[in-house]
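Please read the structure below before turning to the comments.
There are 2 protein chains.
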Amino acid sequence: MAGEIDKKSSFSNWYNEILKKANIVDVRYPVKGLYTWHPFGFKLRNLVYDELKRLHEGTGHDEVRFPLLIPEANLQKESEHVASFEEEVFWIDRAGKNELDEPLALRPTSETAMYPLFAEWIRSHTDLPFKIYQIVNTFRYETKHTRPLIREREISSFKEAHTAHKGPEEARKQIEESIEIYSSFFDSLGIPYFVSKRPSWDKFPGSEYTIAFDTLMPDGKALQIGTIHNLGTNFSKTFDVQYEDEEGEQQYVHQTCFGISARCVAAVIGVHGDNTGLIFPPKYAPTQVVVIPIIFSDEDEEEILQTCRDVKRELDSAGIRVEIDESEDRPGKKFYKWELKGTPLRIEIGPRDLENEVMTLVRRNSGDKKQKSLENPVENVEDEFKKIDREIAKKAQDNFNENVREIETTNEGVKSLSDGGAVIADWCGKKTCGKELEEELSADILGSVVDSEATDSCIKCGEAGENKILIAKTY
Amino acid sequence: MAGEIDKKSSFSNWYNEILKKANIVDVRYPVKGLYTWHPFGFKLRNLVYDELKRLHEGTGHDEVRFPLLIPEANLQKESEHVASFEEEVFWIDRAGKNELDEPLALRPTSETAMYPLFAEWIRSHTDLPFKIYQIVNTFRYETKHTRPLIREREISSFKEAHTAHKGPEEARKQIEESIEIYSSFFDSLGIPYFVSKRPSWDKFPGSEYTIAFDTLMPDGKALQIGTIHNLGTNFSKTFDVQYEDEEGEQQYVHQTCFGISARCVAAVIGVHGDNTGLIFPPKYAPTQVVVIPIIFSDEDEEEILQTCRDVKRELDSAGIRVEIDESEDRPGKKFYKWELKGTPLRIEIGPRDLENEVMTLVRRNSGDKKQKSLENPVENVEDEFKKIDREIAKKAQDNFNENVREIETTNEGVKSLSDGGAVIADWCGKKTCGKELEEELSADILGSVVDSEATDSCIKCGEAGENKILIAKTY
Numbered sequence: 006m007a008g009e010i011d012k013k014s015s016f017s018n019w020y021n022e023i024l025k026k027a028n029i030v031d032v033r034y035p036v037k038g039l040y041t042w043h044p045f046g047f048k049l050r051n052l053v054y055d056e057l058k059r060l061h062e063g064t065g066h067d068e069v070r071f072p073l074l075i076p077e078a079n080l081q082k083e084s085e086h087v088a089s090f091e092e093e094v095f096w097i098d099r100a101g102k103n104e105l106d107e108p109l110a111l112r113p114t115s116e117t118a119m120y121p122l123f124a125e126w127i128r129s130h131t132d133l134p135f136k137i138y139q140i141v142n143t144f145r146y147e148t149k150h151t152r153p154l155i156r157e158r159e160i161s162s163f164k165e166a167h168t169a170h171k172g173p174e175e176a177r178k179q180i181e182e183s184i185e186i187y188s189s190f191f192d193s194l195g196i197p198y199f200v201s202k203r204p205s206w207d208k209f210p211g212s213e214y215t216i217a218f219d220t221l222m223p224d225g226k227a228l229q230i231g232t233i234h235n236l237g238t239n240f241s242k243t244f245d246v247q248y249e250d251e252e253g254e255q256q257y258v259h260q261t262c263f264g265i266s267a268r269c270v271a272a273v274i275g276v277h278g279d280n281t282g283l284i285f286p287p288k289y290a291p292t293q294v295v296v297i298p299i300i301f302s303d304e305d306e307e308e309i310l311q312t313c314r315d316v317k318r319e320l321d322s323a324g325i326r327v328e329i330d331e332s333e334d335r336p337g338k339k340f341y342k343w344e345l346k347g348t349p350l351r352i353e354i355g356p357r358d359l360e361n362e363v364m365t366l367v368r369r370n371s372g373d374k375k376q377k378s379l380e381n382p383v384e385n386v387e388d389e390f391k392k393i394d395r396e397i398a399k400k401a402q403d404n405f406n407e408n409v410r411e412i413e414t415t416n417e418g419v420k421s422l423s424d425g426g427a428v429i430a431d432w433c434g435k436k437t438c439g440k441e442l443e444e445e446l447s448a449d450i451l452g453s454v455v456d457s458e459a460t461d462s463c464i465k466c467g468e469a470g471e472n473k474i475l476i477a478k479t480y
Numbered sequence: 006m007a008g009e010i011d012k013k014s015s016f017s018n019w020y021n022e023i024l025k026k027a028n029i030v031d032v033r034y035p036v037k038g039l040y041t042w043h044p045f046g047f048k049l050r051n052l053v054y055d056e057l058k059r060l061h062e063g064t065g066h067d068e069v070r071f072p073l074l075i076p077e078a079n080l081q082k083e084s085e086h087v088a089s090f091e092e093e094v095f096w097i098d099r100a101g102k103n104e105l106d107e108p109l110a111l112r113p114t115s116e117t118a119m120y121p122l123f124a125e126w127i128r129s130h131t132d133l134p135f136k137i138y139q140i141v142n143t144f145r146y147e148t149k150h151t152r153p154l155i156r157e158r159e160i161s162s163f164k165e166a167h168t169a170h171k172g173p174e175e176a177r178k179q180i181e182e183s184i185e186i187y188s189s190f191f192d193s194l195g196i197p198y199f200v201s202k203r204p205s206w207d208k209f210p211g212s213e214y215t216i217a218f219d220t221l222m223p224d225g226k227a228l229q230i231g232t233i234h235n236l237g238t239n240f241s242k243t244f245d246v247q248y249e250d251e252e253g254e255q256q257y258v259h260q261t262c263f264g265i266s267a268r269c270v271a272a273v274i275g276v277h278g279d280n281t282g283l284i285f286p287p288k289y290a291p292t293q294v295v296v297i298p299i300i301f302s303d304e305d306e307e308e309i310l311q312t313c314r315d316v317k318r319e320l321d322s323a324g325i326r327v328e329i330d331e332s333e334d335r336p337g338k339k340f341y342k343w344e345l346k347g348t349p350l351r352i353e354i355g356p357r358d359l360e361n362e363v364m365t366l367v368r369r370n371s372g373d374k375k376q377k378s379l380e381n382p383v384e385n386v387e388d389e390f391k392k393i394d395r396e397i398a399k400k401a402q403d404n405f406n407e408n409v410r411e412i413e414t415t416n417e418g419v420k421s422l423s424d425g426g427a428v429i430a431d432w433c434g435k436k437t438c439g440k441e442l443e444e445e446l447s448a449d450i451l452g453s454v455v456d457s458e459a460t461d462s463c464i465k466c467g468e469a470g471e472n473k474i475l476i477a478k479t480y
């Protein structure tokens, strides 16, 4: 990018600059924490959310749409739940020139909007499992520093899924399925992640436990990118969601819910981009290929342009999102423009290429350059896409792995976390030790590594370790 | 439908019943005018809006997403605009435990949210035409009787497009393009419509004029299903949206905006459905084909099921949305279920069909039944789809035409409107005559037929007629 902002050392500046330069979102809306998606940014957003939808539909989750406004009485029914959102809710008390009979909350999340209707929809064991999702705007009056796509007061693209099941075993299996959905999703985005069980003091309010996905951003801080909650029967008892079992008995359903916000888009931008601009896995690039004619003289012009258009047409017809840049700009300026926008593959066709009946392919992620026959553009491009996918994911994973270190003492932890990243330690499982550790390390416990067992005693109290925990500075 | 509600004579009951029985939307949400889309309804909604998106993208409109909340000061900048929405706006004054510095409105429409940013985005004549759209929830505190998909307080699926142009001629051409987009859209839905210019007292507040699309519902009332507004420079002057023209001069852009809500879905349901249930053009049917095995004896069962599955597989692979109903229900019950849901084509395969190597095709819209060879299921189904499309559209158009009558006296008008439908009359163009006419007919002037000229004198004052107007009772 112009301005030469280094992504690693000045990530926050780099991030703001790339959102602006590449037209992802506009931050100039006159209300704090509300942002506007540009056309380019929204194309990216749609490509990412299309995959999320596909994964939900493929596992039997149906899309629905619930209202935004929640009556105060509904929101307040589950006490633990409401307590945690109390500070964060936007309230409507009036409309037109009337005071409303009851204040309406803008949903911070939809449990209390949905579950009263679940009680109507779910009658019998044959209605289970019941699995739905929606992609909506939700609202939280964040008091921390707001940031586009990361901490918004209008969460513009909240995917929330909600499920109901016969018993705890079925709910547990759903948690596994949800972990699989999110793993597939982030794998396809090339985003590395931790899966951990949040400590009890950091679980979703009203849930039995929370499983979280976190990634590491270039500034070394962990970003929560997805959460999965086992709600047990807490909400079904509050909202009376019962079904008739095989024996004719009424039973409370066991529920789960799991959510992802536009942080998944922030992660793609932050994890893969470089000092030149955006980098995308080809599947998610709004433009996947740009064809650039390299013209030195008038006599070549027509033939080169024709060849470029032929290549474009072939790629087009294979469903590849390809553009041809026939603008008057110099090639260098064109390269810069499409690199900034993260176009995974550039095809250059100049006089020497024509002579040799080849095209020159340049990968955005590595700058790697090669000649390929003009004969099979689709096949050649798809081969490159596969390589790009692998390279991007590997680079991100290697970088992630380098930034996770096992520690045996808190001193080691302090030192390690000063370089950013996450540390892993053995823990007895007690909240007092956890809280002290967070304070000493000036960091947060992400959670216990799923299915981990301690190999040593608790780093804090020296008593028998229960499992391994991840600790990092967080967003 | 069970209950035998007649669509024509008890449309309101029929409509409520079909929304419920076919799982379109649930009306049991505890806030007036807010509704919940069921999975089946939302599939229909997505199919309809996908076509709307395709038509916008195909004409160079880019999708964006603006925030929901509008600061009071912005909303109040355009005086005519705000005056008309004053009674309809939901207001947020507090969040968490804080009073907000400035009240925030839930958007009733997005002009005042968008155009301050347009002033940043549009700089030069090379940025024009500028064309964007979004599909969002908007809010109006309706005081009239609310109705799902027709008059909602949370308009759950508002498509609003906004454009900016160099001058009045370019804006006028955009209006033509927008009329074409909406015409293509409603044509593909098989929905007949009037295109008229709303009278001056009924135009969009802040616009120069409004072109509207209206259809006729089975109760004989007109339903506005789309509007297109020429904003001239009213808003660009208010929000200072200027561009530098070819001569280096600053000029105000000429703007248009045009919107469609879920009323398009209400129209599809209302116009095409019958006493048995829903009827859809195949393109919009969540399930396009259902295959039903007709099994009389155990010995046939395996072969019939296998043939059904083969047919399904072939249709599947051609991208046709097909289901096979292998439930234990009797065929009659299955027929009823899929008819209620508007599945355009039923394929029955029984022992006699197998013997003759045919399948039986039954069209939902007409009950028309025929045998076709099992050889080319895809081709046969696509042929039927085309016929269904034509038949549905023709039936709707014939019915529409029958319900539009030219009148020469107000008495004729009163009589004609008592049967429902719309009447056409010559008009001098004066508001006094228009208003008197509306009162005498207990109906609303939809507008003047676009490009019409009067063939007689004004029905009201007898002076020279200006053009022909449409009058109907309205939703």
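Chains A and B, in that order, give the protein sequences. Just so you know, the first sequence maps onto residues 6 to 480 in the numbering used here. Just so you know, the second sequence maps onto residues 6 to 480 in the numbering used here. Positions of the beta carbon are idealized from the N, C-alpha and C atoms, including for glycine.
Between Ala100 of chain B and Val94 of chain A, the CB-CB gap stays under 8 Å. Judged by DSSP secondary structure, Cys463 of chain B falls outside any alpha helix (DSSP H); it is assigned neither H nor E. Bridge partners of Phe199 of chain B according to DSSP: B:Asp219.
Gln293 of chain A is not a Cβ neighbour of Ile329 of chain A, given a cutoff of 8 Å.
The three-state secondary structure of Phe285 of chain A, taken from DSSP, is coil. Of all residues in the segment 20-31 of chain A, those with a C-beta nearer than 8 Å to a C-beta of chain B are Asp31, reading in chain order. In this structure, DSSP gives Tyr138 of chain A an extended state, which the three-state scheme calls strand. About 24 Å separates the CB atoms of Cys463 of chain A and Asp424 of chain A; that is not less than 8 Å, and the two are not in contact.
Along the segment 93-118 of chain A, going in chain order, the ones with a CB nearer than 7 Å to a CB of chain B are Glu93, Val94, Phe95, Trp96, Ile97, Asp98, Arg99, Ala100, Gly101, Lys102 and Leu109.
Minimum Cα-Cα distance from Gln311 of chain A among the listed residues A:Leu379, A:Glu147 and A:Thr479 corresponds to A:Leu379. Taking 7 Å as the cut-off between beta carbons, the residues of the segment 153-166 of chain B near chain A are Glu159 and Ser161, in sequence order. Cβ-Cβ distances below 6 Å link Gly418 of chain A to Ile412, Val428 and Leu446 in the same chain, with the five nearest sequence neighbours on each side left out; the list follows chain order. Using beta-carbon distances, Val36 of chain B counts as an interface residue toward chain A, with a partner under 8 Å.
According to DSSP, residue pairing for Met364 of chain A in a beta bridge involves A:Lys377. Burial is judged here by how many other beta carbons sit within 10 angstroms of a residue's own beta carbon; His167 of chain A has at least 16 and is buried. Collapsing the DSSP output to three states places Arg335 of chain B in coil. An exposed status is given to Ser302 of chain B, since fewer than 16 other beta-carbon atoms sit within 10 Å of its beta-carbon. In the DSSP assignment, Asp449 of chain B falls within the unbroken beta strand (DSSP E) covering Asp449 to Val454. Following the DSSP letters along the chain, one finds Cys433 of chain B in no alpha helix (DSSP H), marked with neither H nor E. Within its own chain, the residues whose Cβ lies closer than 6 Å to the Cβ of Ala323 of chain A, once the five positions on either side in sequence are excluded, are Val383, listed in chain order.
Taking 9 Å as the cut-off between beta carbons, the residues of the segment 120-143 of chain A near chain B are Pro121, Leu122, Glu125, Trp126, Ile137, Gln139, Val141 and Asn142, in sequence order. Think of a sphere of 9 Å around the beta carbon of Leu73 of chain B: the chain A residues whose beta carbon falls inside it are Leu39, Leu73, Leu111, Asn142, Phe144, Glu159 and Ser161, in chain order. Nothing from the segment 236-262 of chain A brings a Cβ to less than 9 Å from some Cβ of chain B. Residue pairing by DSSP places Asp31 of chain A opposite A:Thr41 in a beta bridge.
Ranking A:Thr365, A:Arg318, A:Ile299 and A:Ile309 by CA distance to the CA of Arg335 of chain A puts A:Ile299 first. With a contact defined as Cβ atoms closer than 8 Å, Glu125 of chain A and Ala78 of chain A miss out at about 17 Å.
Cβ contact annotation for Ala448 of chain A (same chain, cutoff 7 Å, sequence separation greater than five): Leu422, Ile476, Ala477 and Lys478, in chain order.
Remark: C-beta atoms of Ala290 of chain A and Arg50 of chain A do not approach each other more closely than 8 Å.
Excluding five sequence positions before and after Cys262 of chain B, the CB atoms of its chain that fall closer than 6 Å to its own CB belong to His167 and His234, given in chain order. Setting aside the 5 residues that flank it on each side, Thr215 of chain A is surrounded in the same chain by Arg203, Lys208, Phe209, Thr232 and His234, each with a C-beta closer than 6 Å to its C-beta; the list follows chain order.
Listed by position along chain A, the residues whose Cβ is nearer than 8 Å to that of Glu68 of chain B are Pro44, Phe47, Lys48 and Asn51. For Val276 of chain B, DSSP records no beta bridge to any residue. Judged by DSSP in its simplified three-state form, Ile184 of chain A adopts helix.
Beta-bridge partners of Val294 of chain B (DSSP): B:Val327 and B:Leu350. In the three-state DSSP reduction, Pro76 of chain A falls in the strand class (E or B). Nearest to Cys433 of chain A by alpha-carbon distance, out of A:Ser457, A:Pro349, A:Asp98 and A:Asp305, is A:Ser457.
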